[in-house]
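Below is one structure; the comments refer to it alone.
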Amino acid sequence: MNNLIYIFLQALTILMLAPLVNGLIRKMKAFIQKRQGASIFQMYYDLYKLVRKGSVVSEVSSWIFKATPYIFFASALVAAMLVPVSTIILPKHIPGDFIVLVSVLGLGRFFMMLAALDTASTFGGMGSSREAMVSTLIEPTILVSLFTIGLISQSTSLSQIMLTVQGAGFPLAHPVYIMVFLALLIVIIAESARIPIDDPSTHLELTMIHEAMILEYSGRHLALMEYGAAIKQLVFMTLLVNVLVPHDQIIAFTGFLALFLSLLIYFFKILILTGIIALIEINTVKFRLFSIPNMAAFAFILSFLGILQYFILGGSNV
Amino acid sequence: MFDFLLETLSVLILLSAFALMANKRISSYIRTFRIQSISIALAAGIMGIQSSQAEGRFDFLIVCLLIVALKVVYIPHLLHKTYANVKYKVEKDFILNIPIMIIICCGLVLFSYFALASIEGLGQGLLNLQFVNSVSVIWIGLFFMISRKKAIGQIIGFLVIENGLYIAAMLSTNGMPLVVDLGIFLDMLTAVMIMGLMVFRINDKFDSIDIDKLNHLKG
Amino acid sequence: MELFLPVLFQASVLLYLVGAIISVLLRKREKINNLSANLFCMAASVLGAAASIAKILWHEGPLGIFEAHSTIPFLSLVMKVDNISAFFLLALFILVFCVSIYSIGYISHYIGRRNVGLFNFLYTTFILTMILVFTSTNAIFFYICWEAMSVFSYFLVVFESEKSENQRAGTLYIIMTHLASAFILVAFLIIYSYTQSFDLYGSSGALPEMSKNIIFLLFLIGFGTKAGLIPLHVWLPHAHPAAPSNVSALMSGIMIKTAIYGMLRFVHCYLGIEQAWWGLLILTLGMISVFLGVAYALMEGNIKRLLAFSSVENIGIILIGLGVCFIAFAHEQVLLGSFALTAALLHTFNHSLFKGGLFLGAGAIQYSTQTKDMEKLGGLSKRIPVTAFFVLCFSLAISAIIPFNGFIGEWLTFQALFANILPGQTGIDILLILAVAALGLAGGLVIACFVKFFGISFLGLPRSEQALQAKEVPLTMNISMGLLACLCLFFGLFPLTILTLVDKVILSIGGSTVLGELRGEFFLLFYPLEIAGNEILPAAILGLVLVMIILTLLLLRMFGGKYIERKYGTWDCGYEALTSRMQYSATGFSKPLQIVFKILFRPSRKLSAEGEALCSSEPIKYTTTFSSIFEDFLYSPAAKAVKSFSKKTAFRIQTGSIHNYLIYILVTVLLLILYNRFF
Amino acid sequence: MGLLLQIIPVITVALLFVIKKNRIMHIISLSTSSLLLIIAAYLTGQVILYGTVEYSSLGRFFYIDALSIIILDIVLLIAFMVSIYSVGYMEEEIRLGKLAKRRLRIYYILMHSFLFTMILALTVRNMGLMWIAIEATTLASAFLVGFYSDKNALEAAWKYVIICSVGIAIALLGITLLNFSSLNILEGRLLLDWTALYEHAEFLQNSSLRLAFIFILVGFGTKAGLAPMHTWLPDAHSQAPSPISALLSGVLLNSAMYGIIRTVAIVNRNEGSSVYTGRLLIALGILSIATAAIFILTQKDYKRLLAYSSIEHMGIIAVAIGIFSPLSVFGALLHMINHSLTKSMLFLSTGNILQKYKTKEIAKIKGVLKSLPVSGTVFLLGLFAIAGTPPFSIFASELSIMISIFQEKFFGLGVIFILLIAIVFAGIALNLFKMFYGEAQDKNLQPGDGNMPGTVCLVVLLLVIAITGIFIPEGVKELIIRAQNIIIG
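Residue numbers (numbering that gives the first Met the number 0), protein chains in the order written: chain H, 0 to 317; chain X, 0 to 218; chain D, 0 to 678; chain U, 0 to 488.
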């Protein structure tokens, strides 16, 4: 039974945190651009507003269009359950490992792409076809980098991985982890539709990918889509920070205080990561659509070098 | 004395084959063929006399008569008739020029010697190098068929092969059993008649007996 | 058991025979004929399936079914069922059951137009030959059944023979498969020449090392062709679409698996794995097939060709499992090998379910729209909603999306790769990692591919009149697809059910069990699947997703109040004349990836406008064509070369001049005389 | 009783000279062939009982043993089928105006004399007589080949006569040498007597025997259509009327091969090993198969294609004889039977196709299955059969040949053998299968295959080859094994 509670708890954490992270990124960008910028809670307001609005549905579309937001959102939440936010509340048995994680996210993406095609609008088709390309190209990187870490700790279950990595002291100093870290960073950018892969803030048909897919959505459907995307982004960030920069080993004592502390550190790490992402977004320009493959290839090479390092260093003694 | 005669005859036969090779005209083919047949008939006759004196066999004499009747009289006549019936202008009939063909024939003679030399018991008693001569007549006959374009030329070539075979059989093994000999004659006769008939037909259809025109069936 | 099981198998075989005979006898009464033939098949499949399950669970070792010897030397019919056969038979029977339900409806559109009796006869005998392939114990008999299978499937491929492309497909198919089986025959005969026996259960001890390698290669070529292993796959994307859809379901679902069976039976069980390079070779080819197969699938505009190419990809996945298994066994790591084998077998089983379903779905589309061309489809989910739903399930399953069975196979394959990456075998490790990457890339491409398949043909607006007029398909077709969909879901949620069978199979061929003991107090309810300490709970995941959806609905109700919906046209930028031709086409959808992987497809585009200027308002025609590397650079040049060689030599030898012919004779004689002198 | 075998055809021919009405001619030819078949059956029984059938009268001239009775049965069975088929076929030809009414007489006369010569070749003991008979077959069939005396037919006939006569002449040289090799052993009346030669094989003079074998191989090989002496075969088979092509391919080739087999038996016995003959036979055999494969791959004319496939199968038989192990010889004999039945069936069905479409060009033919439901199907299945697809009989015999090759550990040979056969299949599939599907070009082509009795023959033959592919009657097997013992000793 505890497992269930734990899982719901961490889902809740991420659920709560996700919009805030988006807000933070926006705020930071604004800050660096010397702008006032919207409040970091802006996304909560938007979501609330959207939820209260009715939604317009294209009469071309079928049930898939309406079902998708829920499936997408739910899949994002389930994904959130699979990535522990803290080893203090780490459940003994997570219902799946990172392969399941990829698959669950795949479920959401599958329906999102279908829904985009469902409305017979050119934008939707464009969006989903581009999404197909990006996600396809990024997939090997995700798997190989996760495999690398998995190999180090001889398990594919994320909880197991986290525990092992914690044992390893401060991993980021290690070449393998550095490579994987960089690779996953690119993955995050791609998965959460950020510059330079995609630009969430414009609706320019030349550039948009994610926005094009959800263009037809409005009202609570839109809210769910946006929220789901935010959760997905946070899930990946959590994965990055918790797996590669574990923190619970520095917490001496146990109990609720420890939990509180660990969550605090976790949040702090997320903060830093948002900073990094914001910096990247500021300092780069949106790529041409067909220079994305190069970036994906770069990411893959990073992850592959990572695993090579692992072999060169003779596997286990990392 | 008989052996000497037979040897000369076999050489004569070989020479006649060469002569045939050197011929240009169909009429002369037939003439040469007739000469060859006559000499074969003689050989058969000689052997016939010999064997009838020795063991009282008469089959050779019968065969001799048959040869005279068929190869000396009837078939050449038949060929002449055919040749007369087909309206056929004198034209170059052979694919290589004669000297070369003669040389090739010499090669064939050498070869058949080389081939048969492996048989032990060659060169004793009746079976001496006449056998080689007669076998080379066969090859020359075959080569004659190859080298001549006209249908009649091919018939002659075939007949020469038959001659060669016959003389070979006779000299090497005192001839086959009589039944077989008769059968062979029968076959040969029909063969020649059939070929002759076909020559007529070819002449009708292709209005020439140049068998290089018979090259529609390929691949 | 001993007495009872064989009778069951015999009964099922007999029923197929009777079905075949009846379908010939009732040539005239087409309706009844169709019904009876399919009912017989269904009955037979039920018996067979029961028998196979019973066999695997409660009976060890081979089980003799039937034996007869002919007066002709070496011609003897020996049928035995051991666990491998039983497993493949199970897959066969399950699929056949569903397909036969489907056929009742599907074939009804032949009635009056085509010779239904003939079709049913071929259909039944085709199934029968596959059963014999799985059960024959004598190499020669195996070969005979193998050939018969090819021939019957050939006739089914060319059944709609009025289309010339079907004829071409059939010819290509029969030629390639026959050449391939020649390789198999050679292998058998080499084996015989050493062991003096054609018994498949015999020992290969007498075979020398070198010959084993050769035999392996022969088998690889022979079976690889049937499996559609790249680069031997060229017949597959032509033949599978040509056949009637229920047949292509069987071909893709089971027939290409006979090759997997062959590899297992002859290489793994008979030869025994010795060299690691066997596994490496299979693994590499598998990777290539996985990637190229799905890449070509994505580019296809013809639904059945798309599915055919995706079969190539799935065979690739299976072969990756098989290759890893062979490597592990070569290194005597039985446990790791068993992981891989489990993955391969499970994926074999699953693929037969969802690929069969997909082909049935394609058949339904064709039935209701008379077209296989995606550019003519669209909006079908409104017109044939039931079919649409099931096809969606199959698409999810094949895209390895939880909680369908496709995912389990994928997961096990990943686990197998993961478990087999051991430090210190560097070369192999790198290859395995590449395999992971290939699977990942393929996973992405598959999702893209089936989003395209479903999205373009079922969603949006109909792109043609046929699609607009699409009519609902007969009930039986939907029932069978529903059945398959349920099975996909079931085996996705409760993989242990099938895995226990697989486990027994692997135990019976010298593997070791891979099912770890189950832990996790609460989640036990959700049938966790535990392999090598990594456990997943597909059922739990599904449950959570559903719970989340419900929660979301509740929360929205709480915060957002009542749901108000307004129907309105799709956003048209104020252009107000959105037509079906403005939505993304199938070609357009796969365009970005086509550009990324230009090198593979070498697309050639053609823009043609009636007006001289492209910017004029005249209609503009855009055509783009892809070309397969292998057909362009490997097969057609080879074919051309052979043809021209044969033509040339033919006319050189048979010149039509009698002189040459006589020269041949003369020369032959002279040569033979030389031979006589010198030997 | 056995002598009737030789007498009846002669009587028939004589009768046919005097008969006026076509119907009666049909009846006579039918009754003759059926009578012959009955006698053959009787003789087969005799052979199974007593091993051989011979009459001391007429100078030990008539002789039948297991080997010859097998081939004799094939001959007469196919002759029977052909004469049934000819009735419908010839009537149709006359109806179509391809044939003058009065020429039917000539057709039957030639056909039966052809039959007679073949029976003779198989029932004599003396090799010389056998030679004469085989040469006579050429002469008898020459005009049958050129029966439609148009240009092509005439050309084919001419080539047939010339090449075969030359070849057979060379065989005669071989016979002479054979005779010579036995001069010092056998007395006059036993000369060239096969049994005598075989019994005294060890004492024959080896060197001349070897040479004799070469000449006989080339000579009879020409007639049996072994490459490179095969050149007459495609022309003759494609130009002859279809029933005759069936006879040529199914029967004539076998009787030539029979001559070779008899000689091989003697030579191998004399040599004490099969190496000498084996090398030659295998070389020529493989050459024939390869040639056939090359030609079949791009062949435009279906009758020629079938002719080449006959060359291929003769090659297969030659290889099998060359291997000369019990199994391979068994396979060879079985293959003779199967090939004759299958190939004659195919040629007969081409007859129907030819009469329906009036062309031999594959490219011009479409939709055979529609326009000729029965004989089209037979033809299609027959093609699978001839290409060695199980479960048809050809596969069974090819299988035992392949196995025998591998038993002798001739791996290279075996691989080439199987590969070439597969290529032949590919060629057949590539060129012929497109005939069957689709719609015929000219629309006024009414479906339905005429010549009812002929079509029945086809179906019967198909059933036979399908069944014998799975099992052969004990009696036949017994016969074949005896023949195999006769050959191997």
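Think of the CB as a built atom: it goes at the ideal place given N, C-alpha and C, for glycine as much as any other residue.
As the structure is a computational prediction, the values presented were derived from the model and not from experiment.
Can a CB atom of chain U be found closer than 9 Å to the CB of residue i?
{"i": "F588 of chain D", "result": "no"}
{"i": "K204 of chain X", "result": "yes"}
{"i": "E529 of chain D", "result": "no"}
{"i": "Y674 of chain D", "result": "yes"}
So residue i contacts chain X; which residues on that side make the cut at Cβ distance below 8 Å?
{"i": "V165 of chain U", "result": "L141, M144, F157 and I160"}
{"i": "L670 of chain D", "result": "Within 8 Å Cβ-Cβ: nothing; L670 of chain D doesn't reach chain X, min ~11 Å."}
{"i": "L665 of chain D", "result": "W138, L141, F142 and I145"}
DSSP three-state call for residue i: helix, strand or coil?
{"i": "D206 of chain X", "result": "coil"}
{"i": "V56 of chain H", "result": "strand"}
{"i": "D58 of chain X", "result": "helix"}
{"i": "V274 of chain U", "result": "helix"}
{"i": "G377 of chain D", "result": "coil"}
{"i": "V52 of chain U", "result": "strand"}
{"i": "A85 of chain D", "result": "helix"}
{"i": "L398 of chain D", "result": "Residue 398 of chain D is actually Ser in this sequence, not Leu. The answer is coil: DSSP assigns S398 of chain D none of H, G, I, E or B."}
{"i": "R28 of chain D", "result": "coil"}
Kindly list the residues whose CB is nearer than 7 Å to the CB of residue i, restricted to its own chain and excluding five residues on each side of it in sequence; keep chain order.
{"i": "E273 of chain D", "result": "K211 and A329"}
{"i": "V133 of chain H", "result": "A189, I196, I208 and I291"}
{"i": "S302 of chain H", "result": "T140, V143, S144, T147, M178, V179 and A182"}
By the criterion of Cβ-Cβ separation under 8 Å, what are the contact partners of residue i in chain U?
{"i": "D186 of chain X", "result": "I131, E134, A135 and L138"}
{"i": "T170 of chain D", "result": "A428, L429, F432 and K433"}
Against chain D, with Cβ distances strictly below 9 Å, would residue i count as a contact?
{"i": "P199 of chain H", "result": "no"}
{"i": "G453 of chain U", "result": "no"}
{"i": "G44 of chain U", "result": "no"}
Taking residue i as the query, report the chain H residues whose CB atoms sit under 7 Å from its CB, ordered along the chain.
{"i": "I420 of chain D", "result": "L150"}
{"i": "W570 of chain D", "result": "S120, L214 and E215"}
Spatial neighbours of residue i within its chain, please: C-beta separation below 6 Å, excluding the five flanking residues on both sides.
{"i": "M100 of chain X", "result": "M20 and S146"}
{"i": "L36 of chain U", "result": "L75 and F79"}
{"i": "S603 of chain D", "result": "T624"}
{"i": "V234 of chain H", "result": "A78, A79 and V82"}
Taking 8 Å as the limit between beta carbons, can you name the residues of its chain near residue i, skipping five residues before and five after?
{"i": "Q440 of chain U", "result": "K363 and K365"}
{"i": "K65 of chain H", "result": "V56 and H220"}
Kindly say whether residue i, judged by its beta-carbon, lies nearer than 9 Å to any beta-carbon of chain X.
{"i": "S244 of chain D", "result": "no"}
Just the chain D side, please: which residues come within less than 7 Å of residue i by C-beta, in chain order?
{"i": "Q406 of chain U", "result": "S192"}
Stretch pair the segment 123-132 of chain D + the segment 90-109 of chain D: three plus CB contacts closer than 8 Å: Under the 8 Å Cβ criterion, the segment 123-132 of chain D counts as touching the segment 90-109 of chain D, having at least three qualifying pairs.
The segment 325-339 of chain U touching the segment 385-393 of chain U, judged by at least three CB pairs closer than 8 Å: Cβ pair count under 8 Å is three or more, so yes.
Contact between the segment 131-145 of chain H and the segment 483-502 of chain D (3+ Cβ pairs under 8 Å): Contact between the segment 131-145 of chain H and the segment 483-502 of chain D is absent, because fewer than three Cβ pairs lie under 8 Å.
The segment 88-102 of chain U touching the segment 662-678 of chain D, judged by at least three CB pairs closer than 8 Å: No: the two stretches stay apart, fewer than three of their Cβ pairs being nearer than 8 Å.
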